[in-house]
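See below for the structure under consideration.
Numbering (this note's numbering), first residue to last: 14 to 225.
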């Protein structure tokens with residue numbers, strides 16, 4: 014549980030730092046990196062498939078895997094912060110949406126809230142996500158979009174830990190991967206993403222990354 018406690022502490026710290034005028038996603042990445050290393054953990058994303066940063070910061074129309082950069086965040090921006098840690102032999106993974114200032118469009122605010130609601134509805138029946146533990150991505154893998162073959166031989170059992178990670182966009186349209194081979198975008202199409210790590214218990218589930 015220590016790894017999940019670290020993640021929750023870091024999100025609280027970031028939420029405070031984002032009140033600073035002109036902070037960049039690269040600044041946030043550095044804050045996270047220093048905090049993670051200081052607490053004896055390792056940033057899972059750093060070096061994963063050659064990913065160059067500690068966290069993923071997906072701003073505005075970026076669906077996922079956005080790489081932190083030097084552009085100052087502006088009033089009206091919205092972004093997903095995806096933080097993965099490795100501590101004591103296991104991985105933890107969670108993400109949140111953050112709105113910058115007071116100019117985020119009401120329809121985008123609704124999209125963010127709806128995506129979060131979908132996360133919790135999915136948790137109730139233990140759906141979209143991937144297993145997590147000694148490796149960052151483990152079975153079962155349930156896709157964000159409809160696939161031809163959706164059946165899985167895996168059955169959830171007590172003690173399993175996995176993530177649920179819905180990504181919604183405002184409109185149905187194609188998405189693309191930038192030349193950096195990580196950043197997934199849907200041009201001029203607002204998106205939102207939330208993620209929790211969930212433990213399957215004898216009575217149902219426990220949300221391990223629930224922020225208080």
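For each residue, glycine too, the CB sits at the ideal point set by N, CA and C.
Model, not experiment: these values are computed from the prediction.
Sort the options by Cα distance to residue i and report the nearest one.
| i | options | result |
| --- | --- | --- |
| residue 79 | 218, 58, 177 and 87 | 58 |
| residue 61 | 205, 210, 194 and 198 | 194 |
| residue 134 | 216, 209 and 46 | 209 |
| residue 176 | 206, 83 and 186 | 206 |
| residue 10 | 197, 180 and 212 | There is simply no residue 10 to check, as the chain begins at 14 and stops at 225 in what is shown. |
| residue 56 | 37, 181, 103 and 90 | 103 |
I need the DSSP call for residue i, collapsed to helix, strand or coil.
| i | result |
| --- | --- |
| residue 119 | helix |
| residue 143 | Here the model assigns residue 143 a pLDDT of 48, short of 50, so the residue's position is not dependable and the matter cannot be decided. |
| residue 78 | coil |
| residue 190 | strand |
| residue 55 | strand |
| residue 127 | helix |
| residue 38 | helix |
Given this structure, state the Cα-to-Cα distance separating residue i from residue j, to the nearest angstrom.
| i | j | result |
| --- | --- | --- |
| residue 50 | residue 93 | 22 angstroms |
| residue 101 | residue 53 | 9 angstroms |
| residue 40 | residue 95 | 15 angstroms |
| residue 130 | residue 35 | 30 angstroms |
| residue 214 | residue 87 | 42 angstroms |
| residue 97 | residue 64 | 13 angstroms |
| residue 42 | residue 117 | 23 angstroms |
| residue 68 | residue 202 | 23 angstroms |
| residue 45 | residue 110 | 16 angstroms |
| residue 224 | residue 107 | 10 angstroms |
| residue 218 | residue 138 | 9 angstroms |
Which partner residues of residue i appear in the DSSP bridge assignment?
| i | result |
| --- | --- |
| residue 204 | 182 |
| residue 106 | 97 |
| residue 92 | 72 and 111 |
| residue 211 | 175 and 220 |
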